[in-house]
Amino acid sequence: MTLSLLIVYFYIQDVGLNTDYLTGVFNRRLLDYYLQEKIKSSTKQKTFSAILIDLDDFKQINDTYGHDAGDKTLQEFVKLLRSGLRSTDFIARFGGDEFYVILDISDKITLEEVVQRIRDAAGGARLSQGIRPIDFSMGYDIYDSASGMTAEDFKQHIDQLMYDEKKRKKCH
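Okay, so the sequence shown: first residue is 1 according to UniProt numbering, each after it adds one.
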């Protein structure tokens, strides 16, 4: 009995170190490690894609409706996000209202299809309280193994693509 409790304890500790407690997805610590490993194993024939998703105007939800509503928004968004992805896709909370998805996809057409599935699954969904629709911006690309980009470089690249989308949305 003691050994099995010890095993359960270590399992819980491991899960706790790598999982975001609020949303249940992986945390930034594991994202950083996973992204570095994906880059190390990336070749011209075998690469991957990344998507950064940022909830638009999330601070207004916290400021207007409180942090409980903000927490519920994040939890509901993750449920919707998962419904547009495969169970094997890697999802991590990057920061407050930002999420990364790492996919074993190396062609632009398939990546665009996944991005559209995410938009269809989560776009315009309402919070449980019916407060307002969840809107978000995404930056995404395929990692080019010949680029020599580090994990930090690639994250900055994806981040810039996401901010470019935010700017385009504000202009319209």
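Where is the CB? At the ideal position from N, CA and C, for every residue including glycine. As the structure is a prediction and not an experimental result, all values here were calculated from the model.
The alpha-carbon separation between residue 141 and residue 46 amounts to approximately 15 Å. When C-alpha distances from residue 148 are compared across 42, 28, 17 and 23, the shortest belongs to 42.
Rounded to whole angstroms, the gap between the alpha carbons of residue 159 and residue 79 is 23 Å. Along the length of the UniProt domain "GGDEF" (46-172), whole alpha helix (DSSP H) runs at least 4 residues long occupy 58-65, 67-83, 108-122 and 151-171, reported in chain order. Annotation for residue 103: 49 and 89 place their beta carbon closer than 6 Å to its own, counting only its chain and skipping 5 residues before and after.
Closest option to residue 162, judged by alpha-carbon separation, among 106, 53, 119 and 95: 53. With contact defined as three or more Cβ pairs closer than 8 Å, the region 16-34 and the region 90-99 are in contact. By the neighbour-count criterion, in which 16 or more other beta carbons inside 10 Å mark a residue as buried, residue 64 falls on the exposed side. Secondary structure note for residue 31: its alpha helix (DSSP H) is the uninterrupted segment 28-40.
Short of 8 Å from the beta carbon of residue 32, and not among the five residues preceding or following it, lie these beta carbons of its own chain, in chain order: 151.
As computed with DSSP, residue 43 is found in no beta bridge at all. Taking C-beta atoms as the reference points, residue 146 and residue 44 count as a pair closer than 8 Å.
Residue 157 and residue 69 have their C-alpha atoms some 31 Å from each other.
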